[in-house]
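Counted the way mature numbering (1 follows the signal peptide of the UniProt record, and there is no 0) counts, the sequence shown spans residues -29 to -1, 1 to 447. Glycine included, C-beta positions come from ideal geometry on N, C-alpha and C.
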Amino acid sequence: MTATREINSIVMAAGLAASLVLGTTFAFAGDVTLTMAVPDWPPTRIMKKFFDEQYKPKSGNTVKLQVDFIPWPDFYTRVNASLTSGEKKYNFIVSDSQWLGAFVEGGYFRKINDLLNADPEFMKTFKDIHPNALNSYSTYPHKSENYYGFPQFPDVLVNFARKDIICHEAEQKNFMAKFNQKLPCTSEELDAMTWDDFKNVGEFFRRKKGEMLAGKPAEDDFYGIAFQAGKSYDFSSMQINGFIWQMGGDIWDETQAPTSKAEGVVNSPAAVKALEKYLSLIAYMPPLAKTGTMDIFKSDELFRQGKVAMSVNWIGLAEASLDPKTSRVSDNLVFGMMPGTKGADGKLVRWSNIGGQPFVLTTWTTDAQIKEAVEFVKWWLSSNIQHQFAAAGGQSAIKSVYSDPKYVTYRPWNRAWAPSLDWQKDVWHVPQFFELLTQQQDQYDLAITGRQDAKTTQDNIAKFQQRLLKEVGLIQ
């Protein structure tokens, strides 16, 4: 042993002895990989970009975020297959809120109350989340204080519209002559729209190729309105639920189990009338809607192609409409709140099914990974990053962020964000959600494609839900 090695050994031994006496230990940096499953769309792409460019772990470890970007139509199927196979591939999952019950009861999603309780500052940020988002993205049972998720991207439905069409002088004049009301043109006028107003826009702007549209011949067949009417995943249910709530109906209420019923609620006269209202608007949409394949992506595509005057869709898809590389209408856009239904007091009722997703941790994630995951989430929910996310086309559910006057300046739809949050509800979080959703989507497809009327549809859904939920003990 050389003199240098002797000196180094003495120093290391002295340091170790001191650490044992003082009750401390040396920390050595290491590599930690977090593997995440996410839907492939702008909000998750932005998150990965921010991580790669900005994130610096406080621990000194080298932290890698390995992301599987999965197409939306396949997302649930792929995640479910991974979890139930036992492969334990993912530490993090960007989960749709309605998955919580199934994957908590399956033993896959980790409860996070202990992580929050151990960090008062983190808990303070968590409690600054809008209650509708907190309940939807984090709680199981729904609206309990058992927390499982952190918001990755909150979302709501808004109205996308083309100013060059709806604000055109001749179209404004002709609309007034036909309906004796002003054609909505500004953001504020879009905010005030009812579904009847939306229908009028749809009826008014049906034009064949070559017919005059905003002062020149239409390049293709043109339609006034579009919204989601798709059989895949949840694409019709997410729109129809809003109609049902706005018109005084309801879906089965899991928070009242086991005393709440499906029959008599899901197929109430109000719910049937709401479905009829939804179906009545499909006649004014592009023909694709009548085939049950108008999912959120097709609706967005048609709008960006310049074939629709107004489209109700998720903010998460709006970024592409501003990009001239992906949108023919990028320089002619205006956004407002989703249409509502006038209540008895004359005020608009705006209930809608919340979109967006939480992060969740899986139960097999190691202590070292959990520590780094929590630090990442704290960074993601920090004011600075949430503002940057919103400025890049995302949204924040953190009240102190979205209530900042700067927030509405980031994107043209942000003015509709905060007012919409108060009107958000959610679909079921129960473990049987997928059976409920699949049967409901099948039934709605029969109605959308004209093979079944609204009453039969709601009756069939109610009967199925009553039987299934009774079998599993969620209905007495």
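Excluding five sequence neighbours on each side, which residues of the same chain lie with their C-beta closer than 6 angstroms to the C-beta of residue 462? Only positions -29 to 447 of the chain appear in the structure, and residue 462 is not among them; the question remains open.
On the criterion of 16 or more Cβ atoms from any shown chain inside 10 Å, does P376 qualify as buried, or is it exposed? P376 should be labelled exposed.
Please return the same chain residues whose Cβ sits closer than 6 angstroms to the Cβ of G263, not counting the five positions on each side in sequence. K202, D416, I419 and T420.
Using the Cα positions of G365 and W285, report the straight-line distance between them to the nearest angstrom. The alpha-carbon separation between G365 and W285 amounts to approximately 11 angstroms.
Proximity below 8 angstroms, CB of T103 to CB of L392: The question names Thr, yet the displayed sequence has Asn at residue 103. Yes. Within cutoff.
Inter-stretch contact (C-beta, 8 angstroms, three-pair minimum) for the region 273 to 280 and the region 190 to 204: Touching, per the Cβ criterion.
What does the Cβ neighbour count give for A141, buried or exposed, with the cut at 16 atoms within 10 Å? Exposed is the call here.
Backbone secondary structure at I341 - three-state DSSP: Looking at I341 - three-state DSSP - the assignment turns out to be helix.
In whole angstroms, give me the CA-to-CA distance for M256 and A200. Going by the C-alpha atoms only, they are around 10 angstroms apart.
The region 158 to 170 touching the region 423 to 432, judged by at least three CB pairs closer than 8 angstroms: The region 158 to 170, when compared against the region 423 to 432, does not touch it at the 8 angstroms Cβ threshold.
Out of K248, P229, A245 and W223, point me to the one whose CA is closest to V237's CA. Per the Cα distances, W223.
By DSSP's criteria, W285 is part of a beta bridge. Which residues make up the other side? L128.
Excluding five sequence neighbours on each side, which residues of the same chain lie with their C-beta closer than 7 angstroms to the C-beta of S239? Around S239: G220.
With C-beta atoms as the reference, is N303 less than 8 angstroms away from K134? The Cβ-Cβ distance between N303 and K134 falls below 8 angstroms.
Start and end of the beta strand (DSSP E) containing I64? Residue range F63 to V65 is occupied by the beta strand (DSSP E) that includes I64.
Check Q366 in the structure and name its three-state DSSP category. Judged by DSSP in its simplified three-state form, Q366 adopts coil rather than helix or strand.
When you compare only the Cα positions, how much space is there between K349 and F93? Across the structure, K349 and F93 are spaced so that their CA atoms are roughly 7 angstroms apart.
Pair within 8 angstroms by beta-carbon distance, R321 and G311: Yes; because the gap between Cβ atoms is below 8 angstroms, this pair is in contact.
Between V65 and M147, how many whole angstroms is the CB-CB distance? I'm expecting something under 8 angstroms. The beta carbons of V65 and M147 sit about 46 angstroms from each other, so the pair does not count as a contact at 8 angstroms.
Let me check one thing: in DSSP terms, what residues is N324 bridge-paired to? K396.
Given the structure, does S270 come close to the ligand NAD, in the sense that its CB is under 7 angstroms from one of the ligand's heavy atoms? Absence of the ligand NAD from the depicted structure is noted, as is the absence of any ligand whatsoever, leaving it without description.
Which first and last residues belong to the beta strand (DSSP E) in which I432 is found? It is not in any beta strand (DSSP E) - I432 instead sits in the alpha helix (DSSP H) that spans A425 to E442.
To the nearest angstrom, report how far apart Y381 and Y373 are at their CA atoms. Between the C-alpha atoms of Y381 and Y373 there is a straight-line separation of about 11 angstroms.
Under the three-state DSSP convention, the category P10 falls into: Strand at P10.
Once you ignore the five residues that flank L(-8) on each side, which residues in its own chain have a CB closer than 7 angstroms to its CB? The predicted position of L(-8) is uncertain, since its pLDDT is 40 and thus under 50; no value can be drawn from it.
Grouping DSSP H, G and I as helix and E and B as strand, with all else coil, what is A280? In the structure shown, A280 adopts extended strand secondary structure according to DSSP, grouped into three states.
What separation, rounded to the nearest whole angstrom, lies between the Cα atoms of F131 and K27? Taking the straight line joining both Cα atoms gives about 37 angstroms.
Helix, strand or coil: how does DSSP classify Y108 here? Three-state result, Y108: helix.
Assigned exposure category for M164 - 16 Cβ within 10 Å defines buried: Residue environment for M164: buried (at least 16 other C-beta atoms within 10 angstroms of its C-beta).
From the DSSP output, read off the bridge partner residues of I100. Per DSSP, I369.
From this set, L407, G287 and L445, which residue's C-alpha is nearest A433's C-alpha? Of the candidates L407, G287 and L445, the one whose C-alpha sits nearest the C-alpha of A433 is L407.
Evaluate the contact criterion for the region 108 to 121 versus the region 355 to 363: three or more CB pairs, one atom per stretch, below 8 angstroms. Contact between the region 108 to 121 and the region 355 to 363 is absent, because fewer than three Cβ pairs lie under 8 angstroms.
Using only CA atoms, which one of N171, Y119 and P125 lies nearest to S137? According to the sequence as given, residue 137 is Ile; it is not Ser. Ranked by how close their Cα comes to the Cα of I137, the residues N171, Y119 and P125 have N171 in first place.
Considering only their Cβ atoms, is the gap separating F435 from F121 smaller than 8 angstroms? No, Cβ-Cβ distance for F121 and F435 is not below 8 angstroms.
Does any C-beta atom of chain C lie closer than 8 angstroms to the C-beta of S323? Going by chain labels, chain C is absent from the structure shown, which holds only one protein chain.
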